[in-house]
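Quick note on numbering: the numbering used here labels position 120 of the sequence shown as 134, and the sequence is numbered without any gaps.
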Amino acid sequence: MLSIDELNEIHLDVLREIGNIGAGNAATSLSQMLNAEVNMSVPKVRILDISDAATALGGPENPVIGILTKISGEIDGLMMFIVGQSFAGAVLESLLGEKQVSYAALTEMQLSAISEIGNIMISAYLGSISTLSQMSIKSSVPAIAVDMVGALLSVPAIEMRTVSDKIIFIQEDFLSSADDITSNMMLIPSMESLDRLMQKLGIQL
């Protein structure tokens, strides 16, 4: 296997299952943070070009919030958690009691709260991968940025350009009594890492 886009349907099924478990863990974490019941739809797991991911996120000029972390250990690569204003607003209202959220004027406290949520959501996914595969995975301190989709996606595009121009894109809808909010998780592993993961799960690339 030379690139992510050569994954077949069996590999995608494995990634979907990881996505399902990760989303379930993320929904539980989100429910605890928001102190409200949170359900989820079946997450959509796709292999996308960076440009197609930008389209799926509303276009390259759409403003969003991105939380990026590097992963290392038995799996190395990047994970990026991207949310829109509705997600940030719902979370900040629940955590900080703030109903008016502006991308243009997020405070340090607001950014810190969103970053912590992104970190917890990313950890939920990495935890599901680690539990299923019995692999050791570490993550760096997350970096948060508010920018247009195109600018945010340029970071993984540059960082992983020698690996692949494809990403594993997981989109999920969380449903609560107050809001329906969408989050997007992107996993960009090295091919060596993906090979190790599949082998641990008994599947050959």
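No residue lacks a Cβ here, since even glycine has one placed at the ideal position from N, Cα and C.
CA-CA distance, S126 to F188, rounds to 21 Å.
Contact between E206 and M54 is ruled out by a C-beta separation of about 31 Å, above the 8 Å threshold. Per DSSP, the unbroken beta strand (DSSP E) holding P77 starts and ends at 77 to 87.
Contact between L167 and A67 holds, with the beta-carbon distance rounding to 6 Å and staying under 8 Å. Of the other Cβ atoms in all chains shown, fewer than 16 fall within 10 Å of the Cβ of T69; this residue is therefore exposed. Per the coordinates, the alpha-carbon of I128 lies some 14 Å from the alpha-carbon of T83. The straight-line gap separating the alpha-carbon atoms of I79 and I158 is approximately 7 Å. Note that the C-beta distance between K214 and D63 is not below 8 Å.
Per DSSP, reduced to three states, the secondary structure at K214 is helical. Taking a contact as a CB-CB distance under 8 Å, the pair S43 and A102 does not count as one, their CB atoms being some 16 Å apart. By the C-beta density criterion, N198 is buried, having at least 16 other C-beta atoms within 10 angstroms. Classified as exposed, A119 has fewer than 16 neighbouring CB atoms from the shown chains inside 10 Å of its CB. Taking a contact as a CB-CB distance under 8 Å, the pair G132 and F183 does not count as one, their CB atoms being some 16 Å apart.
Residue state for Q185 is assigned as strand, using DSSP reduced to three classes. Cβ neighbours of P170 within its own chain (closer than 8 Å, five residues either side excluded): I64, L82, L92, M94, I181, M200, I202.
The straight-line gap separating the alpha-carbon atoms of E107 and G216 is approximately 44 Å. Each residue's CA atom was taken as its position, placing S86 and L146 some 17 Å apart. Using a Cβ distance threshold of 8 Å, I195 and S100 count as a contacting pair.
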